[in-house]
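Since the structure comes first, as structure tokens, the remarks are kept for the end.
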Amino acid sequence: VLTHDNTMGFVDHSGNEVIAPVFEEVFDFREGRARFRTGLKFGYLDKFGTVRVQPLFEGGGNFNEGFAVVQSGGKYGIIDSTGSFLLEPAFHRIYDCKSGYFRYKNGDYFGFINTEGKITLEAIFEEAHDFNEGLAVASNALGFGLINPSGKWVVEPIWDQLLYLGEGRWAIEKFGKFGMIDATGKV
């Protein structure tokens, strides 16, 4: 990123200007698009500096798995790399796509949306994390457990805390004691 007279653009690895510094603020490229800000609005440009999504949004995230989460009218929606809406802004919060699913929040509860823009799991979870290895940490009034993409509890919600560690392992906490489980709940 190149900054010049309160404007920003891009240089290549050799320091040569490749996109002129004409933007108020630009962010790193992700999946062939860079987010930029003009005034209070965000849009997206391609690697040649061509604006591909006009600056129409109050907020915008990076592209991830072909989509970006945007904010308009205080609500969140999802666009593709051309700026077409997968989902119009209507949600209290949507998080970046991971493993083919977006986590979303409406009111105090979380659910999931797939990359076709369909709500696959209604917002019924008190807390939910991204899917990893086909499972997501989720919680209800009983505690934390693991769900599959259809919302079935693969590991019952009995834990006080549950976090994904990687390589098929999740950290657990119950009554101040810590351990690990696998994807079946085996300690």
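Residue numbers for the sequence shown follow the numbering used here, so the first one is 4 and each next one is one higher. Every residue, glycine too, gets a C-beta built ideally from N, C-alpha and C. Since we're looking at a predicted model, the values are computed, not measured.
| Item | Value |
| --- | --- |
| A174 in three-state terms, based on DSSP | strand |
| Cβ-Cβ distance between T41 and P58 below 8 Å | yes |
| Nearest neighbour of R172, chosen from G188, G120 and Y112 [CA to CA] | G188 |
| Assigned exposure category for F39 - 16 Cβ within 10 Å defines buried | buried |
| Opening and closing residue of the beta strand (DSSP E) in which F115 lies | Y112 to N117 |
| Opening and closing residue of the beta strand (DSSP E) in which K180 lies | K180 to I184 |
| For H7, the residue or residues it bridges with in DSSP | T10 |
| Cβ contact check for the stretch 147-154 and the stretch 120-136: 3 or more pairs under 8 Å | yes |
| Cα-Cα separation, A261 to D15 | As shown, the chain starts at 4 and ends at 190. That puts residue 261 outside it, with no answer to give. |
| For P24, three-class secondary structure by DSSP | strand |
| Contact between the stretch 90-110 and the stretch 134-142 (3+ Cβ pairs under 8 Å) | yes |
| Bridge partner(s) assigned by DSSP for K217 | Residue numbering for the chain in the displayed model covers 4 to 190; residue 217 lies beyond these limits and cannot be assessed. |
| Simplified DSSP assignment, three categories, for A144 | coil |
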